[in-house]
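Numbering (mature numbering (1 follows the signal peptide of the UniProt record, and there is no 0)), first residue to last: -20 to -1, 1 to 341. Note that beta-carbon positions come from the ideal geometry of N, C-alpha and C, so glycine has one too. What follows is a set of notes on a single structure, which appears directly below.
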């Protein structure tokens, strides 16, 4: 945010105490109880001075025809940390730890005529915080005030203090406006799941324990060339991810699709019986159980707000490999359904797991 203020001062008075000491002008930020913030959810963790010339120096001012340095009583980071911490003291551990970087803080004047001085005060600060030890940039504030004054009287403290107050006030308003709306302010990641099974598709059957496979789902009536098996079902799973801020959290919602593709599934006409169909249904069930393992992988993974997407993709690929292994194990142990004893054992085991899964959902 950039704002320019033009101020013209015509003050006629005695010489300000500010200029009583001719070697330098000391600018003190007085702490006024009336300036205390009444509603805020942050505290000042640190102030860093990144100006070209850090320290106490602010610039040059004119005092009785003489150019003298304008300085703070101490280093800028210490003075502003003390002042801002007074305005918004730490009250709760849950408050946002705010880091403020001073990019510019200066006052410079020049004499343009008898008893006539022009000046400019500049302030530029940036706000950030650290989440999981990673910097998160929030917002910035940049402003300037130009003025004309009589040479004999002017208090720089008032104008500098005004800009410094405005900077912290800007952040307080920004945080209030953006709370629950930007991932930058999220403190935690919340993972949620939902099954997607209502997408209309003539070629797709989405998994549901209430909707077992039927032979009409197997569109191809001839075996895959070279295959000696009675039937085959093409099952798979995928996910859709979206994220949104909510209160102090970033909610990551994973939409899961478990499906079979009709046009890629086949069964020989002479093999379309209940036993063969049940064998293919278990393949579909195995895919569904692998998706539950995928969810558990994500719950245990170290997902961060900064980089959760790449970890989700990695765990998806691992789960996909696991699905292929589990399907091969199923066919291997049952002899593709020809081993009646092994088939019955798998049927019972998988049925119990599916029943337990959906009884708690």
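Residue pairing for residue 104: DSSP places it in a beta bridge opposite 84 and 122.
Residue 7 is not a Cβ neighbour of residue 60, given a cutoff of 7 Å.
As computed with DSSP, residue 330 is found in no beta bridge at all. Around the beta-carbon of residue 99, 16 or more other beta-carbon atoms lie within 10 Å, marking it buried. Between residue 271 and residue 150, the alpha-carbon positions lie close to 47 Å from each other.
In this structure, residue 82 and residue 31 form a Cβ contact; the two beta carbons are roughly 6 Å apart against a cut-off of 8 Å. With a contact defined as Cβ atoms closer than 8 Å, residue 68 and residue 24 qualify at about 7 Å. In the DSSP assignment, residue 61 falls within the alpha helix (DSSP H) that extends over 56 to 67. Residue 188 sits in coil when the DSSP states are folded into three classes, being neither helix nor strand. Under a 10 Å Cβ-count criterion, residue 172 is classified as exposed, with fewer than 16 other Cβ atoms of the shown protein chains found around its own Cβ. Fewer than three beta-carbon pairs drawn from the stretch 164 to 184 and the stretch 33 to 44 are found closer than 8 Å, and the two stretches are therefore not classed as touching. Nearest neighbour of residue 199 by Cα position, chosen from 89, 169, 219 and 241, turns out to be 241. The stretch 184 to 264 is shown to contain whole beta strand (DSSP E) runs of 3 or more residues at 184 to 186, 215 to 226 and 229 to 241, in chain order.
Across the structure, residue 320 and residue 168 are spaced so that their CA atoms are roughly 50 Å apart.
The count of Cβ pairs closer than 8 Å, one atom from the stretch 238 to 253 and one from the stretch 189 to 209, reaches three, so the stretches are in contact.
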